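Here the structure comes first, spelled out in structure tokens, and everything after it is commentary.
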């Protein structure tokens, strides 16, 4: 997929007319110093993130705030899927975050389910002022269980925390749930930008930590095609990624 010109330092956005699903197994793309010098890749790692949750919880606004640092009250509900790209620095490495925003409506589930498989991290979003969106987290967890790779990183995010007077889901309740799932929990406000940066960087850090703890850093020197992050193969930046039928299913 052709990349657009970057609108600013370290930030690249891309909004295709017809987004395609994230193909192949759960690949964490890395590059060695040799690859950087010979192939001049723009990043060391490519992390694919997925935003899921009920319609109206603010997934698109979170994406706009993190990728463009903008906010709008009149954002139209996502139809199917959309995505943006932002490049960050993490521990001296250039990390490209490809963030996919999915529609929360039931009628789009068939379309959006195909995007789970290629994700390295999934952010489950609910609205702190809407109890039903929190109650439905169990359904979204089932979607992850059904469609995502077994070792995918997850994060629970309560949005609209600036609406204190309307808040119905206690922070302690959500934190208890996140703790039981052994995943991070963050409350954010896309409107005020509170903790939005922290949420996405926490998600990226979780993936990066998994990469490091499973010996992924050694792959930069060895460039071993068979290196694994749990069950997710590494793949050097600049080299063609294998097709699903060539690698087997990681899920």
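Residue numbers (the working numbering): 8 to 258.
By construction, the Cβ of each residue, glycine as well, lies at the ideal position given by its N, Cα and C atoms.
Note that the coordinates shown come from a computational prediction; the quantities given were computed from them, not determined experimentally.
{"Item": "Give the straight-line distance between the Cα atoms of residue 70 and residue 166, rounded to the nearest whole angstrom.", "Value": "12 Å"}
{"Item": "Taking the C-alpha atoms as reference points, what is the distance between residue 214 and residue 140?", "Value": "26 Å"}
{"Item": "Considering residue 70, what are the terminal residues of the alpha helix (DSSP H) in which it resides?", "Value": "66 to 75"}
{"Item": "Determine whether the beta carbon atoms of residue 135 and residue 193 lie at a separation below 8 Å.", "Value": "no"}
{"Item": "Could you give the DSSP three-state label for residue 173: helix, strand or coil?", "Value": "helix"}
{"Item": "Could you check whether residue 144 and residue 154 sit closer than 8 Å to each other, using their CB atoms as the reference points?", "Value": "no"}
{"Item": "Only counting the same chain, and skipping five residues up and downstream in sequence, which positions put a Cβ closer than 8 Å to that of residue 78?", "Value": "68, 71, 72, 197, 198 and 200"}
{"Item": "Note down, in chain order, each residue of its chain lying with its Cβ closer than 6 Å to the Cβ of residue 64, except the 5 sequence neighbours on either side.", "Value": "132, 133, 134, 140 and 166"}
{"Item": "Are the beta-carbon atoms belonging to residue 170 and residue 206 less than 8 Å from one another?", "Value": "no"}
{"Item": "For residue 7, does the three-state DSSP call read helix, strand or coil?", "Value": "Within the shown structure, residues of the chain are numbered from 8 to 258, placing residue 7 beyond reach of any answer."}
{"Item": "Should residue 91 be labelled buried (16 or more other beta-carbon atoms within 10 Å of its own) or exposed?", "Value": "buried"}
{"Item": "How is residue 114 classed by DSSP in three states: helix, strand or coil?", "Value": "Model confidence at residue 114 stands at a pLDDT of 45, short of 50, so the residue's coordinates are unreliable and nothing is read from them."}
{"Item": "Mark residue 137 as exposed unless 16 or more other C-beta atoms lie within 10 angstroms of its C-beta, in which case mark it buried.", "Value": "buried"}
{"Item": "Have a look at 188, 102 and 150 and flag the residue whose alpha-carbon is nearest the alpha-carbon of residue 124.", "Value": "150"}
{"Item": "Name the residue from 146, 94, 108 and 130 whose alpha carbon lies nearest to the alpha carbon of residue 160.", "Value": "130"}
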